[in-house]
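One structure below.
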Amino acid sequence: MAAPRTDAPEALRAKSLSKSYGTRRALQDVSFSAAPGELLAIIGPNGAGKTTLLQILAGALEPTAGSVSLDSRDVGWVPQQPAIYSKLSVGENLRLFARLEKVSDVEGTIARMLLQAGLNERAGDPVGTLSGGNQQRVNIAVGLLGDPSVLLLDEPSSALDPRQRERLWEFVSALARDGGTTVVYSTHNVAEAERYADRLLVLADGELLFVGTPEELERATGEHEAIDFEGAFVRFLRARGH
Amino acid sequence: MRWLLLKDLQILRRSPLLVALLVLYPLIVALLVGLALSSGPSKPKVAFANLVPSGEATINLGGRDLDATTYASELFEAVDPVRVDSREEAIEKVRSGEALGALVIPPDVIERLQGTLSLAGGEPPTVEVYYTADNPLKRRYVQATIDATLADANKALSDEIFKEAARYLNLIVAGGKLSLPLVGDVDILGLRRAQRIIDAAVAGLPEDSTSRVALEQVSRFARLAADNLDVSRPILASIGSPVRVNERAIGGSSSSLDVFGVEVAVVISLMFVTLLLAAGMLALEREEHAFGRLVRGLVSRTGLLAEKISLAGLCAWLLAAVMLAVLVGILDLGWSRTPVWLLALAFAALAFAALGVAIGGLTREVRAASLLAFMLALPIAALALVPSGAVGETLYDLIRIVSGAFPFKPALNALDAALSGGDLLAHLAHLMALTAAFALLARLSLRRFG
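Take a look at the structure:
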């Protein structure tokens, strides 16, 4: 994995984001930034506020307080469940969203996305007939139609088998590595975060506990004996009362 | 098997709302459909204004005084009278829906009845009946009720007239005293006595003698008998219906029952197609998880609603227009009003589509949206068909408010006005207001649609 390009200009900045539902605070004063081509993983226990943070970054949810540096139209959004029409074919879904995104070369963009997602041969198939992995690829391809500088992925691999996960991360990593797209994703799979992310955001109860590399997180636990990354993460949370 | 049964029962026990809905919904729908389709209550409320001055309700028939109120009471055998003091008050009771109809006995009815029965000539007695023709079903019911009640009253009166006619005939045959207006008591010889006089006169006279007196008596009897038989004819003519009815509809529909059937069929079809389509299409956006993606800059929430309303409305409008065109052709209703009923259908389709998206906005998936649309559509249609006077005033007011808050009743009224003539603009304005209100409700519901 490439080293984080913290010296590069910011592709995305979130400033003091908070979100409340009545008296319940889902997100409290969260600030961070991401560089172009950086892979940023948001991890944390259930109910930590990961999806809420991504929805605010995507413009799908209004924050109670705080701001995001990018307009929602400049951000590619890939929700956890494929947000595409199962009765339409892969090509029809891409065409619909490309037109809604007001892409200048609709057919050229569709061809590029089909190639990039490895779905050329399935272009005419209804999305409902595809496997979960291929549906997620279409989902991501739709998120990339507007050629966004930042791609947000909510639990992108949660419904995939190991082989599909591997292919998905190859695809996503290539976007960041070759295309310079900043990718921010949430995951429950700590090993996946360690393996693919340049930096981690650790959220618990809506509070941002940590921003840094996986190695920095391991060091932050203060443990000197050899433990795996997941163990270090759990200890980190426990030490902070979560 | 039994464990599954136990599990399902446990689930039902823990879903009190579902169980209550399952029990109450069919009961409510059955009650509403029953109210809508029944011919009305067993004793419908009828406003009754008796304008005959008190103490002047007596008629003289053949020298005998009869109390007309005895016959008026026959009218109330089949109805529940709401007594009022004036014609205007009676009409207001009908307009407000408190009474199914109004019966007004004009002040001159006794005088006219006396004239008819005493052979003085003039206009026959006429009572006034008022009702609102909410729909042809109600009109038919009111007319049947009026016909039946007046037939009862007329029968009671005609029984008396029959008795009087029989007395006349007996007088002609047997003779006796007859009291005539302006003339006083007249001695009627009778056919039998005349026969005896003639026989006696004939027997006592020589072959060539002429007895003037006896023959004059016979002559007078013959004239009076002829006169009596002559005047009996109008009496007998009035026996069938001595009292006539002047029916007046206060507003409402003038459609025939056939046309009304067409209107109901088309509006019900339009309602179901539009509601299911609009609700389902909006709920589909949520079911497919596409809503969040669409509204983050690609399409506005209002734009999304407008698209769903337009598409559902257009599809349902086309279907309803074809359906109505076929029925208009079959019933030979003529094509001159086609643009008007196409306009009425378009406004109705838009209002139903707006209601549909409001339903779609409240549900998370297509199946739930369809179920809710069905559950809402049936009572709306049934409520709209409940005629005034079929239920109590307060309940009818409530029904009228609820019916007015949904598009079925105004759509039915608009189509009726379009097909049969009437105030279409008011109904179109009503539908437009409902379209705006439900679109606003749908827009508000989208705030929690994620």
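One line per chain: the protein sequences are A and E, in this order.
Each step along the first sequence adds one to the number in numbering that gives the first Met the number 0, with nothing skipped, and position 168 is 167.
Each step along the second sequence adds one to the number in numbering that gives the first Met the number 0, with nothing skipped, and position 338 is 337.
Where is the CB? At the ideal position from N, CA and C, for every residue including glycine.
It should be emphasised that the depicted structure is a prediction, and the values quoted were computed from it without experimental measurement.
Cβ-based neighbour list, residue i, same chain, cut-off 7 Å, excluding 5 preceding and 5 following
{"i": "A/Thr108", "result": "Ala97, Val102, Leu144"}
{"i": "A/Gly123", "result": "Ser88, Gly90"}
{"i": "E/Arg192", "result": "Gly174"}
CB contact flag (residue i, residue j, <8 Å)
{"i": "A/Leu159", "j": "A/Gly127", "result": "no"}
{"i": "A/Leu167", "j": "A/Pro155", "result": "yes"}
{"i": "E/Leu274", "j": "E/Leu354", "result": "yes"}
{"i": "E/Ala315", "j": "E/Leu276", "result": "yes"}
{"i": "E/Ala345", "j": "E/Leu414", "result": "no"}
{"i": "E/Gly100", "j": "E/Val45", "result": "yes"}
{"i": "E/Pro52", "j": "E/Pro105", "result": "no"}
{"i": "E/His426", "j": "E/Ala441", "result": "no"}
{"i": "E/Thr131", "j": "E/Val172", "result": "no"}
{"i": "A/Thr51", "j": "A/Asp153", "result": "no"}
{"i": "A/Pro147", "j": "A/Gly75", "result": "yes"}
{"i": "A/Glu37", "j": "A/Arg198", "result": "yes"}
{"i": "E/Leu170", "j": "E/Gly189", "result": "yes"}
{"i": "E/Ala368", "j": "E/Ile358", "result": "yes"}
{"i": "E/Arg364", "j": "E/Glu286", "result": "Arg is not the amino acid found at residue 364 of chain E; the sequence shown has Glu there. In this structure, E/Glu286 lies closer than 8 Å to E/Glu364 by Cβ."}
{"i": "E/Arg13", "j": "E/Tyr129", "result": "no"}
Which listed residue (the options) has its alpha carbon closest to that of residue i
{"i": "A/Pro256", "options": "A/Glu193, A/Lys49, A/Thr220", "result": "With chain A running from 0 to 241 in the structure shown, residue 256 of chain A is simply not present."}
{"i": "E/Ala381", "options": "E/Leu276, E/Ile27, E/Ala432", "result": "E/Ile27"}
{"i": "A/Ser157", "options": "A/Gly142, A/Asp146, A/Tyr184, A/Ala59", "result": "A/Tyr184"}
{"i": "E/Arg336", "options": "E/Gly421, E/Val78, E/Arg285", "result": "E/Gly421"}
{"i": "E/Asn49", "options": "E/Ile58, E/Val83, E/Tyr167, E/Leu318", "result": "E/Val83"}
{"i": "E/Val266", "options": "E/Ala383, E/Arg446, E/Ala143, E/Gly54", "result": "E/Ala383"}
{"i": "A/Ile55", "options": "A/Gln79, A/Ala47, A/Gly65", "result": "A/Gly65"}
{"i": "E/Val185", "options": "E/Ser299, E/Lys176, E/Ala350", "result": "E/Lys176"}
{"i": "A/Thr22", "options": "A/Gly211, A/Gln135, A/Thr63", "result": "A/Thr63"}
{"i": "E/Leu341", "options": "E/Ile329, E/Ala89, E/Ala319", "result": "E/Ala319"}
{"i": "A/Gly142", "options": "A/Arg162, A/Tyr195, A/Asp73, A/Glu206", "result": "A/Asp73"}
{"i": "A/Tyr20", "options": "A/Ala13, A/Arg12, A/Gly48, A/Gly43", "result": "A/Gly48"}
{"i": "E/Ile379", "options": "E/Asp207, E/Trp334, E/Leu31", "result": "E/Leu31"}
{"i": "E/Glu262", "options": "E/Val325, E/Ser157, E/Phe290", "result": "E/Val325"}
{"i": "A/Leu195", "options": "A/Arg12, A/Leu26, A/Ile42, A/Leu11", "result": "Reading off the sequence, residue 195 of chain A comes out as Tyr, not Leu. Of the candidates A/Arg12, A/Leu26, A/Ile42, A/Leu11, the one whose C-alpha sits nearest the C-alpha of A/Tyr195 is A/Ile42."}
{"i": "E/Ile58", "options": "E/Arg195, E/Ser85, E/Glu110", "result": "E/Glu110"}
Beta-ladder partner(s) of residue i, from DSSP
{"i": "A/Ser15", "result": "BP columns for A/Ser15 are empty, so no partner."}
{"i": "A/Val29", "result": "A/Leu16"}
{"i": "A/Trp76", "result": "A/Leu151"}
{"i": "E/Asn49", "result": "E/Ile104"}
{"i": "E/Gly312", "result": "None, per the DSSP bridge assignment."}
{"i": "A/Ser184", "result": "Contrary to the premise, residue 184 of chain A reads as Tyr rather than Ser in this sequence. Paired residues: A/Ala40, A/Leu152."}
{"i": "E/Asp450", "result": "Residue 450 of chain E lies beyond the residue range present for chain E, which begins at 0 and ends at 449; the question has no answer from this structure."}
{"i": "E/Thr125", "result": "E/Arg243"}
{"i": "A/Phe209", "result": "A/Val201"}
{"i": "E/Pro80", "result": "E/Val45"}
{"i": "A/Pro125", "result": "A/Ser88"}
{"i": "A/Ser66", "result": "A/Lys14"}
{"i": "A/Arg275", "result": "With chain A running from 0 to 241 in the structure shown, residue 275 of chain A is simply not present."}
Other residues of its chain near residue i: CB distance less than 8 Å, five sequence neighbours each side excluded
{"i": "A/Val137", "result": "Pro81, Ile83, Val89, Asn92, Leu93, Ala116, Leu118, Val126, Leu129"}
{"i": "A/Phe235", "result": "Val201, Leu208, Phe209, Leu216, Ala219, Thr220"}
{"i": "E/Leu313", "result": "Ala348"}
{"i": "E/Val450", "result": "Nothing can be reported for residue 450 of chain E: it is not among the residues displayed for chain E, which extend from 0 to 449."}
{"i": "A/Pro8", "result": "Ala34, Pro35"}
{"i": "A/Arg121", "result": "Val89, Leu129, Asn133"}
{"i": "E/Thr301", "result": "Arg442"}
{"i": "A/Leu114", "result": "none"}
Beta-carbon proximity list for residue i, same chain, < 6 Å, skipping 5 on both sides
{"i": "A/Asp28", "result": "Ser15, Ser17"}
{"i": "E/Pro409", "result": "His426, His429, Leu430"}
{"i": "E/Met280", "result": "Lys307"}
{"i": "E/Leu433", "result": "Ala350, Pro406"}
Check: residue i C-beta below 7 Å from any heavy atom of the ligand FMN
{"i": "E/Pro124", "result": "By its list of ligands, the structure shown contains no ligand whatsoever, and the ligand FMN lies outside what it can speak to."}
Counting only Cβ-Cβ distances shorter than 9 Å, please list the residues of the region 334 to 366 of chain E near chain A, keeping chain order.
none
Any residues in the region 73 to 107 of chain A with a beta carbon nearer than 8 Å to a beta carbon of chain E? Which ones, in chain order?
Trp76, Pro78, Gln80, Pro81, Ala82, Ile83, Tyr84, Ser85, Phe96, Leu99, Glu100
If contact means a Cβ-Cβ distance below 7 Å, which residues of the region 32 to 66 of chain A contact chain E?
Ala57, Gly58, Ala59
Any residues in the region 387 to 402 of chain E with a beta carbon nearer than 8 Å to a beta carbon of chain A? Which ones, in chain order?
none
When Cβ atoms are compared, which residues of the region 155 to 186 of chain A fall closer than 8 Å to chain E?
none
What residues in the region 293 to 317 of chain E bring their beta carbon closer than 9 Å to a beta carbon of chain A?
Leu293, Val294, Arg295, Gly296, Leu297, Val298
Can you give me, in chain order, the residues of the region 257 to 288 of chain E that have a beta carbon less than 7 Å from any beta carbon in chain A?
Glu287, His288
May I ask you to list, following chain order, the residues of the region 14 to 29 of chain A that have a beta carbon less than 8 Å from some beta carbon of chain E?
none
Near-chain A residues of the region 416 to 445 of chain E (beta-carbon distance less than 8 Å), N- to C-terminal order:
none
Give the residues from the region 93 to 107 of chain E that approach chain A closer than 7 Å (Cβ to any Cβ), ordered along the chain.
none
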